[in-house]
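One structure is given below, encoded as structure tokens.
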Amino acid sequence: MTTAFSSIWIVGASTGIGRATALAFARAGVTVFATARGADKLEALAADAPAGRVVVVPCDCSDRAAMLETYRRITGQMGGPPGAALFAAATWAPEDGGQARVDVVGPVFDVNVHGCLNMLEELWPAMLAAGRGRVAIISSVAGFRGLPRALAYGASKAALTHIAEALKFDGDRAGVAVQVIHPGFVKTPLTDKNDFDMPFLMTAEAAADRIVAGMATSAFEITFPRRFTFMLKLARILPYRLYFPFIRRITGM
Ligand SMILES: NC(=O)c1ccc[n+]([C@@H]2O[C@H](COP(=O)([O-])OP(=O)(O)OC[C@H]3O[C@@H](n4cnc5c(N)ncnc54)[C@H](OP(=O)(O)O)[C@@H]3O)[C@@H](O)[C@H]2O)c1
Numbered sequence: 036m037t038t039a040f041s042s043i044w045i046v047g048a049s050t051g052i053g054r055a056t057a058l059a060f061a062r063a064g065v066t067v068f069a070t071a072r073g074a075d076k077l078e079a080l081a082a083d084a085p086a087g088r089v090v091v092v093p094c095d096c097s098d099r100a101a102m103l104e105t106y107r108r109i110t111g112q113m114g115g116p117p118g119a120a121l122f123a124a125a126t127w128a129p130e131d132g133g134q135a136r137v138d139v140v141g142p143v144f145d146v147n148v149h150g151c152l153n154m155l156e157e158l159w160p161a162m163l164a165a166g167r168g169r170v171a172i173i174s175s176v177a178g179f180r181g182l183p184r185a186l187a188y189g190a191s192k193a194a195l196t197h198i199a200e201a202l203k204f205d206g207d208r209a210g211v212a213v214q215v216i217h218p219g220f221v222k223t224p225l226t227d228k229n230d231f232d233m234p235f236l237m238t239a240e241a242a243a244d245r246i247v248a249g250m251a252t253s254a255f256e257i258t259f260p261r262r263f264t265f266m267l268k269l270a271r272i273l274p275y276r277l278y279f280p281f282i283r284r285i286t287g288m
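Residue 36 is where the sequence shown starts when you use the working numbering, and the numbers rise one by one after that.
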């Protein structure tokens, strides 16, 4: 596999899709700066990767000052911004319908949305100034439209898709690639919390393969598995009078 860059900062690299993608990039010869809160899990990732390919830079992405410090550690080591960045961190907890509260939604946004903005704070202007680089943001099909029991998570993912779309305009002018990733269901610690059947469930390794391949292209969107995400894309364009009954029917809610 050839990649368009030789270094990448992955935020959310300790488990699931982020870890599998970090490993795939490291095995392809890319230097991976791996961030998450779990330093022990990041060390285990580094031990599984080819020697020296994974640099462990633990950080809580919701902590703005700590993320800036982490970014500066990376640029200090690299002598400039990494060639690419992937935002793969997220928090999700089963929602019961009582989620329309700042104290419930706020912590989800702190990680899923503000974490991404913290990653971009100095990285994005540095890439624009350099006129090169690549930013990929993992959103979700759960952000396409409102879904039952997904108020906080879904709204955070809608925000991420919106952020990626908005960034693309500036990125295109400067020569910086922006990509949004819309996965369907992938077996990870995040989805292990789900209490319902997940159609077309993929492994994290298969998802990582799609992401690594997608990040070598100029496509804005990386989405998988296509059979499932295509169905949700159709639901995205349904008028409300058809959308709500359709979702009620497939979710039983
Ligand atoms: N699995 C799916 O079916 C699916 C579907 C659509 C979209 N996605 C998206 O794919 C991405 C990866 O999810 P996943 O399924 O692989 O979940 P996961 O295994 O739970 O991974 C989440 C990652 O985020 C990190 N993280 C969480 N809070 C953090 C914080 N405050 N600071 C830094 N890192 C933090 C976790 O590490 P620590 O706990 O060590 O900090 C972990 O590395 C997420 O954006 C998720 O929304 C997943």
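Even for Gly, the Cβ is constructed at its ideal location relative to N, Cα and C.
Proximity test, residue i beta-carbon vs ligand 1 heavy atom, cut-off 8 Å
i      : result
Leu225 : yes
Thr126 : yes
Ser41  : no
Ser253 : no
Pro218 : yes
Lys192 : yes
Met266 : no
Met113 : no
Phe60  : no
Lys76  : yes
Gly53  : yes
Ile282 : no
Val90  : no
Lys222 : yes
Arg271 : no
Tyr188 : yes
Asp131 : no
Ala48  : yes
Met233 : yes
Arg245 : no
Gly64  : no
Gly73  : yes
Phe144 : no
Phe122 : yes
Same chain only: Cβ atoms within 7 Å of residue i, ignoring 5 sequence neighbours per side
i      : result
Val146 : Cys96, Ser97, Ala124, Ala125, Thr126
Ala177 : Ala185, Tyr188, Gly189, Lys192
Arg262 : Phe235
Lys76  : Ser49, Thr50
Ala209 : Leu163, Gly166
Leu103 : Glu156, Glu157
Pro85  : Ala61, Arg62
Lys203 : Val213, Phe255
Three-state class that DSSP yields for residue i in the structure shown
i      : result
Pro218 : strand
Ser42  : strand
Arg107 : helix
Thr70  : strand
Val92  : coil
Ala86  : coil
Met185 : The residue asked about is misnamed: residue 185 is Ala in this sequence, not Met. Reduced to three states, the DSSP call for Ala185 is coil.
Val176 : helix
Ala212 : strand
Ile230 : Per the sequence shown, residue 230 should be read as Asp rather than Ile. In the structure shown, Asp230 sits in coil (DSSP, three-state: anything other than H, G, I, E or B).
Leu80  : helix
Gly206 : helix
Asp98  : coil
Thr50  : coil
Thr223 : coil
Ala201 : helix
Ala63  : coil
Same chain only: Cβ atoms within 8 Å of residue i, ignoring 5 sequence neighbours per side
i      : result
Ile52  : Ala123, Ile173, Pro218, Val221, Thr223, Ala239, Ala242, Ala243, Ile246
Ala135 : Leu186
Lys228 : Trp127, Ala128, Pro129
Ala74  : Val91, Pro93
Other residues of its chain near residue i: CB distance less than 6 Å, five sequence neighbours each side excluded
i      : result
Thr196 : Ser174, Gly178, Val215
Ala55  : Ala239, Glu240, Ala243
Val28  : Lying before the first or after the last residue shown, residue 28 is absent from the chain, which here runs from 36 to 288.
Residue i at chain D interface by Cβ criterion, 9 Å
i     : result
Leu77 : Although the question refers to chain D, the structure presented lacks it and comprises just one protein chain.
*Can you give, in chain order, each stretch of the alpha helix (DSSP H) that sits fully within the stretch 232-281 and has at least 4 residues?*
Here the runs fully enclosed are 239-249, 261-271.
*Which ranges does the alpha helix (DSSP H) cover as unbroken runs of at least 4 residues, wholly within the stretch 106-174, from first to last along the chain?*
Entirely contained in the stretch 106-174, the alpha helix (DSSP H) runs reaching 4 residues are, in chain order, 137-147, 149-165.
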